[in-house]
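So that you can map any letter, position 105 of the sequence shown is 105 in the working numbering, and since no number is skipped, the others follow by simple counting. Built from N, CA and C at the ideal position, the CB exists for glycine as well. One structure below.
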Amino acid sequence: MKRLNPIGLVRGRGRVYWRIVKALTTFFPMMRDWQRGDYRPLPKRAVVLMAVALLYIVSPLDLIPDFLLGWGWIDDIVIGGWLLAKLDEELDDYRRWRQSRDSTGVAS
1 MKRLNPIGLV RGRGRVYWRI VKALTTFFPM MRDWQRGDYR PLPKRAVVLM
51 AVALLYIVSP LDLIPDFLLG WGWIDDIVIG GWLLAKLDEE LDDYRRWRQS
101 RDSTGVAS
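Pasting the structure below:
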């Protein structure tokens with residue numbers, strides 16, 4: 001799979017936006033399975049990176065203040081996307097694990 005490029009979103013490439021959405025929709029089930037103890041290959045580095053990304057996005061302290069309409073979200077998208085790009089491999093591993101688990105009929 002091609003690496004996630006958060007800068008592409010800033011340049012108007014909407015596909016990157018959907019890659020970020022897909023990464024987030026994979027991350028939350030991955031964290032749930034990790035927390036339950038079902039999925040253990042997840043490195044602590046991945047958990048820390050995602051926590052940092054989420055904290056930065058919801059934090060009122062930004063490189064570009066959010067009240068600057070449109071511009072304020074650029075830093076959130078770039079930093080969040082960069083951190084998600086760092087997690088791409090772990091997210092792909094989880095998707096493969098989940099698919100193999102679902103195909104063998106293991107209930108969650």
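Could you tell me the boundaries of the alpha helix (DSSP H) in which residue i lies?
{"i": "Ile64", "result": "Where Ile64 is concerned, there is no enclosing alpha helix (DSSP H), given that its DSSP letter is neither H nor E."}
{"i": "Gly81", "result": "Gly72 to Lys86"}
{"i": "Leu54", "result": "Lys44 to Val58"}
Taking buried to mean at least 16 other C-beta atoms within 10 Å of its own C-beta, is residue i buried or exposed?
{"i": "Leu42", "result": "buried"}
{"i": "Leu55", "result": "exposed"}
{"i": "Ala51", "result": "exposed"}
{"i": "Leu87", "result": "buried"}
{"i": "Phe27", "result": "buried"}
{"i": "Arg19", "result": "buried"}
Below 8 angstroms on the Cβ atoms is my contact criterion, and I expect residue i with residue j to pass it. Report the Cβ-Cβ distance as a whole number of Å.
{"i": "Leu83", "j": "Ala53", "result": "4 angstroms"}
{"i": "Gly80", "j": "Ile57", "result": "5 angstroms"}
Which residue's Cα is closest to the Cα of residue i: the options?
{"i": "Gln99", "options": "Asp62, Val48, Gly70 and Tyr39", "result": "Tyr39"}
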